[in-house]
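Worksheet for the structure shown next.
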Amino acid sequence: MGVLRMRQVSRVLSTYTADVSGVCSALYEMGGMVIMHDASGCNSTYNTHDEPRWYDMPSMVYVSGLSELEAVMGDDDKLLRDVERAAKELHPRFVAIAGTPIPMMMGTDFKGIARLLERRLGIPVFGFATNGTHSYVSGVGMALAQAAKKFCLPKEQLSGADGGQKPCVNLLGVTPLDFSVTGNVEALKEVFQSEGYQVKSCWAMGSDFEALIRAGEADVNVAVSVAGIETAIVLEEMYGTPWVLGLPVGPKLTRRVLEAMDLASATGKNQLPLALEIDGVAGKTERNHRQTYIIGEWVWAMALRCSLIAEYGYDRVSVICPLESEELFADRLLTGREERIPGVLDTAARAGAFLEDEDQIEERLKDAELVIADPIYRRALPKDRAVDFIEFPHEGYSGRIYRKDIPVFIGEQWNQWFESRE
């Protein structure tokens with residue numbers, strides 16, 4: 144008798160931070176009031192597991208307290224009254240309302256609610272139809288992109304780049320869900336500043352609101368995570384600013400990212416420094432010939448893959464991205480049939496796969512000899528043989544559990560960490 148296996152059911156693995164928490168994380172430092180439209184559970188999950196800034200940095204993140212009767216009746220009046228009263232008392236820069244599974248089943252019109260509240264309050268109001276079924280990548284991406292559309296100043300109000308020898312840069316898609324609070328954001332800025340590049344703004348950690356709204360003064364944007372792609376596209380449409388998709392991990396990839404920035408600034412064309420193929424490794428050893436898998440956010444995983452290939456001679460390195468489907472990734476990077484960065488989809492297909500389901504990941508890992516991933520992924524390793532495993536905790540996956548073990552992985556600090564564990 145055959146065994147029925149259910150996809151989209153996790154038996155041993157966890158789930159990634161949801162889209163609604165991604166909205167809150169993206170907007171956390173912008174001075175707005177963010178409301179999760181939910182009974183209560185999503186807010187407690189967010190502040191205890193998804194938001195490491197919660198106890199050190201105040202922010203107006205609330206839950207609507209949706210009741211069973213309101214859900215059954217589809218009653219939005221209480222939400223409108225409560226948000227209006229709270230906004231008049233707290234004076235936020237803007238209001239954002241994000242959905243959860245219950246409003247999704249109710250068919251809540253978040254855009255309509257946002258329009259109504261905006262007229263009543265006289266401040267910007269966002270309505271995000273998140274539903275808790277997608278990963279934080281979706282929530283962060285839409286929140287940062289909408290904030291850029293709404294708040295970034297028009298060209299005529301900007302002074303332009305300062306005319307320095309090196310391009311001025313914005314870093315896009317920076318939240319604790321990918322970079323935590325262990326020093327990676329500071330290290331990321333330092334990589335560019337130490338080479339003479341001015342970091343105009345960091346979307347959205349460690350930059351004040353004035354810096355964010357003047358993002359159009361930069362020469363080039365760097366999307367350091369998939370969540371930054373939508374903002375890069377918005378800024379490109381608003382100002383014509385070219386962008387780079389990559390993350391400076393290890394000295395060789397760091398150099399490729401910096402060169403890509405210079406090229407993008409000079410030519411106006413978007414660049415993909417992560418497009419590094421394995422052309423054969425001279426003098427390969429058993430160690431660097433192992434079938435290696437890196438599991439996690441796509442830009443981060445691709446950056447580690449490039450470092451293993453370019454700096455350590457690994458010649459069998461594949462990426463597994465469980466955060467979204469191949470279709471969603473492609474939709475984000477296509478305009479019509481044209482790729483926003485030439486060759487990006489082919490690069491993604493050659494480097495690995497987008498596998499959202501636990502059974503697909505377990506099947507793919509059957510030939511694994513080395514896996515680099517969050518510690519929870521140990522549970523998906525083959526049971527019939529030993530597999531080398533390097534624990535690389537991810538805030539957006541295991542939350543606070545392994546936070547103290549999240550390394551600084553920017554620039555040469557990645558090499559120091561990796562070599563201590565290889």
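Numbering (the working numbering), first residue to last: 144 to 565.
Idealized CB from N, CA, C, for every residue including glycine.
All of these numbers come straight from a predicted model, not from anything done at the bench.
Distance, Cα to Cα, Ser202 vs Asp527?
48 Å
I'd like the ranges of any alpha helix (DSSP H) spanning at least 4 consecutive residues and lying wholly in the region 466-542.
469-476, 487-494, 501-507, 538-541
Is it buried or exposed, Asp474, if we count other Cβ atoms within 10 angstroms and call 16 or more buried?
exposed
According to DSSP, simplified to helix, strand and coil, what is Gly284?
helix
Is it buried or exposed, Gln300, if we count other Cβ atoms within 10 angstroms and call 16 or more buried?
exposed
Assuming the contact rule is C-beta atoms closer than 8 Å, Val163 and Met179 should be a hit. Round their C-beta distance to whole Å, please.
6 Å
Contact the region 545-552 vs the region 464-484: 3+ CB pairs below 8 Å
no
Give me the Cα-Cα distance between Val268 and Ala239, rounded to the nearest whole angstrom.
6 Å
Spatial distance of Lys343 from Val317 (CA atoms)
14 Å
Cys464 - containing beta strand (DSSP E), residue span
460-464
Proximity winner among Val280, Asn274, Asp225, Tyr436, relative to Ile504 (alpha-carbon distances)
Tyr436
Reduced DSSP category for His192 - H, G, I as helix; E, B as strand; rest coil
helix
Classify Lys395 as helix, strand or coil using the three-state DSSP reduction.
helix
Among Asp220, Gly275, Trp443, Glu227, nearest to Ala241 - alpha-carbon criterion
Gly275
Would you check if the region 211-219 and the region 186-193 touch, i.e. whether three or more CB-CB distances between them fall below 8 Å?
no
Smallest Cα separation from Asn364: which of Val324, Leu401, Ile544?
Leu401
Since Ala370 and Val283 should fall inside the 8 Å C-beta cutoff, what is the C-beta to C-beta distance between them, to a whole number of angstroms?
4 Å
Of all the alpha helix (DSSP H) runs that stay within the bounds of the region 192-269, which reach a length of 4 or more residues?
211-216, 220-233, 244-249, 253-264
Could you please give the first and the last residue of the uninterrupted alpha helix (DSSP H) stretch that includes Gln341?
Per DSSP, Gln341 belongs to no alpha helix (DSSP H); it is in the beta strand (DSSP E), 341-346.
For a test of the three-state rule: what should DSSP assign to Ile372, helix, strand or coil?
helix
Residue closest to Thr160, alpha-carbon to alpha-carbon, out of Phe561, Pro465, Ile372, Gly270
Pro465
Classify Met404 as helix, strand or coil using the three-state DSSP reduction.
helix
Straight-line Cα distance separating Glu538 from Thr191:
12 Å
Cβ-based neighbour list, Glu261, same chain, cut-off 6 Å, excluding 5 preceding and 5 following:
Val268
For Ser563, does the count of other Cβ atoms within 10 angstroms reach 16, so buried, or fall short, so exposed?
exposed
For Thr160, would you say it is in contact with chain C, using Cβ-to-Cβ distances shorter than 7 Å as the test?
The chain inventory of the structure shown lacks chain C, comprising one protein chain alone.
Can you tell me the Cβ-Cβ gap for Leu388 and Leu417, rounded? I've got them flagged as a contact below 8 Å.
7 Å
How is Leu451 classed by DSSP in three states: helix, strand or coil?
helix
Do Asp225 and Val206 have their beta-carbon atoms positioned less than 7 Å apart in this structure?
no
Which residues does DSSP list as the beta-bridge partners of Ser278?
Ala161
Pick out whichever of Ala257, Gly255, Ser368 has its Cα sitting closest to the Cα of Leu287.
Ser368
Is Lys298 closer than 7 Å to Gly339 when the C-beta atoms are compared?
no
Helix, strand or coil for Thr435 per DSSP?
strand
So, for Glu482: in the same chain, excluding its five sequence neighbours on each side, which residues have a beta-carbon less than 8 Å away from its beta-carbon?
Leu476, Leu488
Under a Cβ-count criterion, where at least 16 other Cβ atoms within 10 Å of its own Cβ denotes burial, should Tyr198 be classed as buried or exposed?
exposed
Take Val324 and list the residues in its own chain whose beta-carbon comes closer than 7 Å to its own, dropping the five residues that flank it on each side.
Pro195, Arg196
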